[in-house]
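Residue numbers (my numbering): -6 to 337.
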Ligand SMILES: O=C(O)[C@H]1NCC[C@@H]1O
């Protein structure tokens, strides 16, 4: 059978699809216009202002879905970076994405974005909007495997902040930064269990918290205003004291989007919070499990540092990504739904 598409007009984008712990990553291979801007952060602003229609083509139905996630590889202004990246999701463009870094580490080695791969690990420096993230990709006999990465400086922004959450009253939240800002709350506060409750109930509670924090707490980041926004809320099982057992969480980010993975930037922020509270020591590894799929990442604080006046830590996160396919996405000019749509 002929596997070519019949003749058609309109744009064509080629993508490689992957997943990390169940969370999708659609890596754009070709067909995306040149992104203007002299820094990764200014490129992020450029795509938001000029090319947002392509995010909808790539992320939304009928080619994607409500919870789709994407990565656009761009040039970086940092000499030590092997690649720059912009992340995209159902609402816009994030500043950090750990599950994507784990997938992109493999992708960069497999698609030869780094010079000579080294065994047992190949280093890939990925310039994310939040800063330079160093990833180490297992590499043996021509095959890539698991990936660990070192985060940008991560810090507890505020703990035990009381916010008024619609439908739930006063709720105490912690706010922490792991390349993006998250609010953290024990799911028990809402009578929920991150491993067992219906996803819809977890989403409703987390979204109410996100809305409350966004309207009641002013965030700031020492290096850039572009980083000073709340990306989402992470509901946890409350098991923050050190244990060799896994601790579970569910991350609801962007426009009520649910992460299937344990959330790399969320693990980073949660480790920074646990370290700040004296619940874990440097180099004590914890296992973080997704309440959504049961997939796991490990995380540990490896070094104390500073971010502006905040006491911060560098966090190492590790996980594994897999390829799921390669696709040519086309837009037929007569297709009225071609621009993309979402069902809420
Ligand atoms: O792993 C992460 O950090 C990301 N996954 C989706 C939401 C976050 O950006």
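Ideal placement from N, C-alpha and C gives every residue a C-beta, glycine not left out.
Are the segment 76 to 90 and the segment 132 to 140 in contact at 8 Å, needing three or more beta carbon pairs?
-> With the cut-off at 8 Å, the segment 76 to 90 and the segment 132 to 140 do not touch.
Using DSSP with H/G/I as helix, E/B as strand and the rest coil, what is residue -2?
-> For residue -2, the secondary structure class from DSSP, reduced to helix, strand or coil, is coil.
Return the Cβ separation of residue 147 and residue 261 in integer angstroms, given the expectation that the two are a contact with Cβ distance under 8 Å.
-> Yes, residue 147 and residue 261 are in contact; Cβ-Cβ is about 5 Å, under 8 Å.
From what residue to what residue does the alpha helix (DSSP H) around residue 268 run?
-> For residue 268, the enclosing alpha helix (DSSP H) begins and ends at 257 to 269.
Within 7 Å, strictly: CB atoms of residue 13 and residue 95 | Yes.
For residue 300, which option in 144, 72, 321 and 52 has the closest C-alpha, if you only look at C-alpha atoms?
-> For residue 300, the closest C-alpha among the options 144, 72, 321 and 52 is that of 144.
Which value, in whole angstroms, describes the spacing of the CA atoms of residue 277 and residue 271?
-> C-alpha separation (whole angstroms): 12 Å.
Using the C-alpha atoms, what's the distance from residue 279 back to residue 219?
-> Roughly 30 Å separates the two Cα atoms.
Examine the Cβ distances between the segment 92 to 110 and the segment 298 to 315 and report whether three or more of them are shorter than 8 Å.
-> Segments in contact, yes.
For residue 240, is the classification buried or exposed, using 16 other Cβ atoms within 10 angstroms of its Cβ as the cut-off for buried?
-> In the assembly as shown, residue 240 is a buried residue. Its beta-carbon has 16 or more other beta-carbons within 10 Å.
Between the Cα of residue 128 and the Cα atoms of 74, 166 and 180, which residue gives the shortest distance?
-> Distances from the alpha-carbon of residue 128 to those of 74, 166 and 180 put 74 closest.
Excluding the five sequence neighbours on either side, which residues of its own chain have a C-beta within less than 6 Å of the C-beta of residue 56, listed in chain order?
-> For residue 56, where only same-chain residues beyond five positions count, the Cβ hits under 6 Å are 322.
Going along the chain, which unbroken runs of the beta strand (DSSP E) with 3 or more residues stay wholly within the segment 3 to 91?
-> Here the runs fully enclosed are 5 to 13, 16 to 23, 63 to 67 and 76 to 81.
What's the C-alpha gap between residue 40 and residue 28?
-> So the alpha carbons of these two residues sit roughly 7 Å apart.
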